[in-house]
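Enquirer: Below you'll find the structure I mean.
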Amino acid sequence: MRKLILLLVFFAVLQAQPPSRLVEECSLKVESFVLSREIFPRLAIASIRNHSLRSQGFVENLYQLIAARLSDYLMPSEGVLGFDSRGGFFSPPPGYDYLLRIVYRELAGDAYLFIRIYSRDGRFQDFLSCSGKVEEVAYREFELSAPGASPLLVLWDAQVPGEPLAVLKNGEDIFLLYPDKILKLKKVGGVLRKVKEAELSWPSPAYPSQDLRGFIGKVSLQDGVYLNVGISSSASYLYLRYSDLAPAMVLPWLVLAEEEGKILLGKFAPGKNYFAPVLGEVSLPASLQDLTLAETRGFPPFYDICVYQGLINIVDEEGKRRVFKGEEEIPSPGQSLGDEMECWGDYFISTGFGERERISYQDFSALEKRGELKQSGKIVYMSRTASGTVMVLEKEASRFWIKEIKIE
Amino acid sequence: MRKCSVFFLFLFLLFPYTRPRYGGELKLELPASGNPLFWDGLLKDSLAFSNIFYLDSRGKPWSFLFSRWWEEQGRWYFKLKEGILYADATPILPQDIANSINSFIHSNRPGALSLRNIIKSIGVEPPDRVVIEVASSANLPLLLSTPYLFLRREGKYSGPFVPRQDNSFEANPFFPGGRAFLDRVLLVYPPEIPDMSFTQGFEARAAFSVSYLVYLMVSPRKWRKLSRRAIFSLLSSLSWKTRADSYLPSQLSQFSLDFPLIRLRRVRGYLRRKVILAVSPALASMAQELKDTASLARVKLEANISENPLGELLAGRANAALFPSQAAFVGSEAEEVVGMIERYGLERFYPYLGKLKKKILLYMGEDEKKLERVLSSTYEYMASREFFFPVAVARQPVYLKKSFLPGGKDFYGRPLMWKIRRALSRPDEGKTDSSPQAD
């Protein structure tokens, strides 16, 4: 039996490698608390609470790890009062000296373990906290056919660390762009596991920006597949090899969209939060080197761009939709859209009109709004995935979430 | 449901744009003659040069130039941010900052003497540190946050804007605090408000900027009833938004004028002239009265500009530059406030101000702490009634959390304008206080 428990603990350690460091750190603090007492005390765990998106299995593993690490001081619990994804509650054995209440929390990419220690008479004794980086991010899946749901549905969402500027999903690979690095995550069994991290060094000069914007896109060229990334404080943009995120080239253009055998190129107005009033074009097929020979023309400044049936749709400086065929502007209803837009089948979806708090989709031809999804946070970035869904980067209070949504 | 949709419609109208918007021009109108502390160009300097430190909205010293700063055994270390540039894209060097502080402390600008008494030496530790050795345990960043201390190097501009010809300033794309949302700032020097003539009308437009909300404060005792009615009808006829609650025939102490650009365009030229001249036969005498009595005013930027943090700063500085008060430099702050209350007969309309005046007189020279408390409650009361003394206007927006204690003279014998609140300093700092009084 003991061997079986040890085996279980071993597998638990294997599965939850990052929390084990947390457990070790916190256990050392508990040990120093124990050793500071005059009489060798006996401990018991009253509860372990889960204030993160982690599953019940994760919390059970965490409990096992803590129990195994502190087995010299810990009295075994008499029974489990309840255990679910929110945590577990135990019935402490009689005769303990100190009771531990444990909380696991994840916040902006950091994992925290908080332990409160109480004496037998219920008095608060000590508060121990330890923190570590989360190497993987748990995500929540949603029911597709939720009754009464809006036509726009969230498939899954996950809280991501730090303050990303842009997100891109290609198959199971998810890329998060930060001002100084790019992360590659992969969806594996309920978690987004970090696969790769690459530092980004932007060429000087830097244009400090009060409203920093980012862009990340995937581009398939003759000589390979690349990610092109840019931030509005840089006038040059980085092209990274898709496979290993190794830098391939620095160019003054970002690949924004494809239009009838052409690639449309744009650049941020340096230091500002919209794209400069210029558009570059390169005919396909092209190599990365060919992007340096782009033909340029004047174009209105815009926040976002997408192409539908050969028509270039933009949201201009005023947040209004304008339509172009080649160099010619076509009269359009000029809906007020916001500052993020994606073309999606026969619809375009946008951040909606307001405080970036809703995603709406509309027909390309019709004026009326077809559906919308109210968000709890503010939309920072939207990008279309290869499979036709849309990734949304959203800020809620000080936390950032990514969501994958689709039209039912 | 209808209420709900109206509410959302209102919200959409209120927030029609989803990101901060870049662009626009701020027109600042300055008087031909100015306030001697601003006249040699504090406003222009704060546009063209970056302050080495400034006070944030919570009154804490902050800097666009340094990534961090700390103290070790009487030495303050300031680590320069990476990659910060002047407007011509040349790098900002720690030596430039050291030189700027050094030349400031040997000048006669406000705050220089305090720093000169504290700073023992200024040096540079390559590649990116400025080291300042201090004589006392003063909070050096707080003292460095005087608005008169700028990063200066000959031929270089480090501020949010770069001066161009014709008193215009273009946004500096390399400003270390981030490019300003405004594209341009234009300084104009129209005739001062007391010189305006309502009979001509055109001067009124020149004096009042289209983008400002202007408060005129007049002494109603000097006004005849006819004039009050005439000016009110004049303003109404021009379709300027007049605050309904601000016109009380018996208590015309203040009214505010909002000048939307579109409205003024509509009444441009002949039609406007006709409208103005047709308003009242008493216009000429009324204009003279206005000229005699309108002596206080406050300028406030419209909402879309004040959303920009820089806009607020500019508004504060524009206020200070626009409506200087020589009285601010001849007596203590308390004397000044009492003088204002008496000069404009404010007790008659605001009896509570009379009580505050009595308290100020009671505590003046007796109890500085209580005096300071009464003064601040006087300002609060005035702010709640939406009227302002020039001193309060000039000091509060610019200096934020600093307090202005009365009394004291600087090294040159001039009245001390500002002194850092003792409460903000450390307890042991009082012994080695850098104020001129302590010398």
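Here the protein sequences line up with chains B and H, keeping their order.
For the first sequence, our numbering assigns the number -2 to the initial residue and increments by one for each residue that follows.
For the second sequence, our numbering assigns the number 85 to the initial residue and increments by one for each residue that follows.
From the three backbone atoms N, C-alpha and C, an ideal C-beta is built for every residue, glycine too.
Fair warning: this is a prediction, and the values are worked out from it, not measured in the lab.
1) Residue ranges of each beta strand (DSSP E) run of no fewer than 3 residues wholly in the region 263 to 302 of chain B, ordered along the chain?
2) So what's lysine 358(H) in DSSP terms, helix, strand or just coil?
3) With a threshold of 7 Å between beta-carbons, can proline 104(H) be considered close to chain B, or not?
4) Going by DSSP in three states, alanine 418(H) sits in which element: helix, strand or coil?
5) Which residues in the same chain have their Cβ closer than 7 Å to the Cβ of valine 458(H), if we skip the five residues on either side of it in sequence?
6) Please state whether DSSP places phenylalanine 55(B) in a helix, a strand or coil.
7) State buried or exposed for threonine 289(B), treating a residue as buried only when at least 16 other CB atoms are found within 10 Å of its CB.
8) Would the beta-carbon of leucine 182(B) fall within 7 Å of that of leucine 189(B)?
9) Can you say whether serine 291(B) is buried or exposed, counting buried as having 16 or more other CB atoms within 10 angstroms of its CB?
10) Name the residues in the region 138 to 162 of chain H whose C-beta lies less than 9 Å from a C-beta of chain B; which are they?
11) Beta-carbon within less than 6 Å of alanine 273(B)'s beta-carbon, same chain only, minus the 5 sequence neighbours each way: which residues are those?
12) Which residues of chain H have a Cβ atom closer than 7 Å to the Cβ of serine 206(B), listed in chain order?
13) Figure out for me which residue from Ile168(H), Tyr170(H), Trp153(H) and Ala222(H) has the closest Cα to the Cα of phenylalanine 162(H).
14) Would you list the residues sitting across from tryptophan 398(B) in a DSSP beta bridge?
15) Suppose contacts are defined by Cβ-Cβ distances below 7 Å. Is isoleucine 181(H) in contact with valine 215(H) by that definition?
16) For serine 151(H), which residues of its own chain have a beta-carbon under 6 Å away from its beta-carbon, when the five flanking residues on both sides are left out?
17) Which one of Tyr344(B), Ile42(B) and Glu401(B) has the shortest CA to CA distance from aspartate 94(B)?
18) DSSP state of glycine 157(H), grouped into three classes?
19) Please check the pair isoleucine 356(B) and valine 164(B), which I expect to be a contact at CB under 8 Å, by giving their CB distance rounded to whole angstroms.
20) By the criterion of Cβ-Cβ separation under 8 Å, what are the contact partners of valine 167(H) in chain B?
21) Please decide whether asparagine 310(B) counts as near chain H, where near means a Cβ-Cβ distance under 7 Å.
22) Looking only at its chain, what residues have a beta carbon closer than 6 Å to the beta carbon of asparagine 167(B), apart from the 5 residues adjacent to it on each side?
23) I'd like the span of the beta strand (DSSP E) that includes aspartate 123(B), first residue to last.
24) By the criterion of Cβ-Cβ separation under 9 Å, what are the contact partners of phenylalanine 258(H) in chain B?
25) Just curious, the beta strand (DSSP E) that asparagine 47(B) is in, first and last residue?
26) Just by C-beta distance, which residues in the region 167 to 182 of chain H are closer than 8 Å to chain B?
27) Is there a Cβ of chain H sitting closer than 7 Å to that of aspartate 336(B), yes or no?
28) Any heavy atom of the ligand SAM within a distance shorter than 6 Å of the CB on leucine 67(B)?
29) Rounded to whole angstroms, what is the Cα-Cα separation between glycine 108(H) and aspartate 267(H)?
30) Could you check if aspartate 172(H) is buried or exposed, using at least 16 other CB atoms within 10 Å of its CB as the buried criterion?
31) Looking only at C-alpha atoms, which of Asp208(B), Ile179(B) and Leu104(B) sits nearest to proline 161(B)?
32) Measuring CB atoms only, is the region 244 to 263 of chain H touching the region 201 to 213 of chain B, in the sense that at least three cross pairs come out at less than 8 Å?
33) Alpha carbon to alpha carbon, how far is glutamine 249(H) from serine 380(B)?
34) Starting from tyrosine 175(B), trace the beta strand (DSSP E) both ways and give me its first and last residue.
35) With distances taken from CA atoms, which of Glu194(B), Ser68(B), Gly76(B) and Arg34(B) is nearest glutamine 122(B)?
Expert: In brief:
1) 275 to 280 and 292 to 295
2) What you label residue 358(H) is simply residue 274 of the second sequence in a count that begins at 1. The predicted model places lysine 358(H) with a pLDDT of 34, which falls under 50 and marks its position as unreliable; any figure quoted below should be read in that light. If DSSP states are grouped into helix, strand and coil, lysine 358(H) belongs with the helices.
3) Position 20 of the second sequence, counting from 1, holds the residue named residue 104(H). Yes, contact with chain B.
4) For the purposes of this step, residue 418(H) is taken as residue 334 along the second sequence, with counting starting at 1. In this structure, alanine 418(H) counts as helix in the three-state DSSP scheme.
5) Working through the second sequence from its first residue, we reach residue 458(H) at position 374. Excluding positions up to five away in sequence, the list reads Leu440, Lys443, Ile444 and Tyr447.
6) The sequence position of residue 55(B) within the first sequence is 58, counting from 1. Here phenylalanine 55(B) sits in helix by DSSP.
7) Position 292 of the first sequence, counted from the start, is the residue given in the question as residue 289(B). Threonine 289(B) is exposed by the Cβ-count criterion.
8) Here residue 182(B) is taken as the residue at index 185 of the first sequence, counted from 1. Here residue 189(B) is taken as the residue at index 192 of the first sequence, counted from 1. A contact, by the Cβ cut-off of 7 Å.
9) Here the question's residue 291(B) lines up with position 294 in the first sequence. Note on identity: in this sequence residue 291(B) is alanine, with serine being the wrong assignment. By the 10 Å Cβ count, alanine 291(B) comes out buried.
10) Phe148
11) Residue numbering aside, residue 273(B) sits at position 276 when the first sequence is read from its first letter. Correct list, in chain order: Lys264 and Ala266.
12) As a first step, residue 206(B) is located in the first sequence; it is residue number 209 there, counting from the start. Within 7 Å Cβ-Cβ: Gly262 and Arg263.
13) For the purposes of this step, residue 162(H) is taken as the residue at position 78 of the second sequence. Of Ile168(H), Tyr170(H), Trp153(H) and Ala222(H), the residue nearest in Cα terms is Trp153(H).
14) On the first sequence, residue 398(B) is found 401 positions in, with the first residue counted as 1. Answer is Gln156(B) and Glu391(B), bridged to tryptophan 398(B).
15) If you number the second sequence from 1, residue 181(H) lands on position 97. If you number the second sequence from 1, residue 215(H) lands on position 131. Going by C-beta atoms, isoleucine 181(H) is not nearer than 7 Å to valine 215(H).
16) Taking the first residue of the second sequence as 1, we reach residue 151(H) at position 67. Counting only Cβ-Cβ distances below 6 Å, and skipping sequence neighbours, we find Lys163 and Lys165.
17) By one-based count along the first sequence, residue 94(B) stands at place 97. Closest option to aspartate 94(B), Cα to Cα, is Ile42(B).
18) Residue 157(H) sits at position 73 when you count from the first residue of the second sequence. The sequence shown places glutamine at residue 157(H), not glycine. Coil at glutamine 157(H), not helix or strand.
19) Taking the first sequence and counting its residues from 1, the one referred to as residue 356(B) is at position 359. Taking the first sequence and counting its residues from 1, the one referred to as residue 164(B) is at position 167. That pair is no contact at about 14 Å.
20) By 1-based counting over the second sequence, the position of residue 167(H) is 83. Residue 167(H) is actually glycine in this sequence, not valine. In chain order: Ser201, Pro202 and Ala203.
21) Residue numbering aside, residue 310(B) sits at position 313 when the first sequence is read from its first letter. Cβ-Cβ to chain H under 7 Å: no for asparagine 310(B).
22) Here residue 167(B) refers to the residue found at position 170 of the first sequence. The residues are Lys215 and Ala383.
23) Residue 123(B) sits at position 126 when you count from the first residue of the first sequence. Here the beta strand (DSSP E) through aspartate 123(B) covers 121 to 130.
24) Start at 1 with the first residue of the second sequence, and residue 258(H) comes out as number 174. Ordered by position in chain B, the residues that pass the 9 Å Cβ test against phenylalanine 258(H) are Pro202, Ala203, Tyr204, Pro205 and Gly268.
25) For the purposes of this step, residue 47(B) is taken as the residue at position 50 of the first sequence. Note, asparagine 47(B): beta strand (DSSP E), 40 to 48.
26) Gly167, Ile168, Leu169 and Ala173
27) Taking the first sequence and counting its residues from 1, one reaches residue 336(B) at position 339. At least one chain H Cβ lies under 7 Å of aspartate 336(B).
28) Absence of the ligand SAM from the depicted structure is noted, as is the absence of any ligand whatsoever, leaving it without description.
29) Within the second sequence, numbered from 1, the residue matching residue 108(H) stands at position 24. Within the second sequence, numbered from 1, the residue matching residue 267(H) stands at position 183. Approximately 6 Å, taken between the alpha carbons.
30) Your numbering for residue 172(H) matches position 88 in the second sequence. It is exposed - the Cβ of aspartate 172(H) has fewer than 16 other Cβ atoms within 10 Å.
31) Looking up residue 161(B) in the first sequence gives position 164. Nearest option by C-alpha distance: Ile179(B).
32) yes
33) Here residue 249(H) is taken as the residue at index 165 of the second sequence, counted from 1. Here residue 380(B) is taken as the residue at index 383 of the first sequence, counted from 1. The straight-line gap from Cα to Cα measures roughly 44 Å.
34) Here the question's residue 175(B) lines up with position 178 in the first sequence. Run containing tyrosine 175(B): none; DSSP gives neither H nor E here.
35) The count along the first sequence starts at 1 and reaches residue 122(B) at position 125. Ranking the options by Cα distance to glutamine 122(B), first place goes to Arg34(B).
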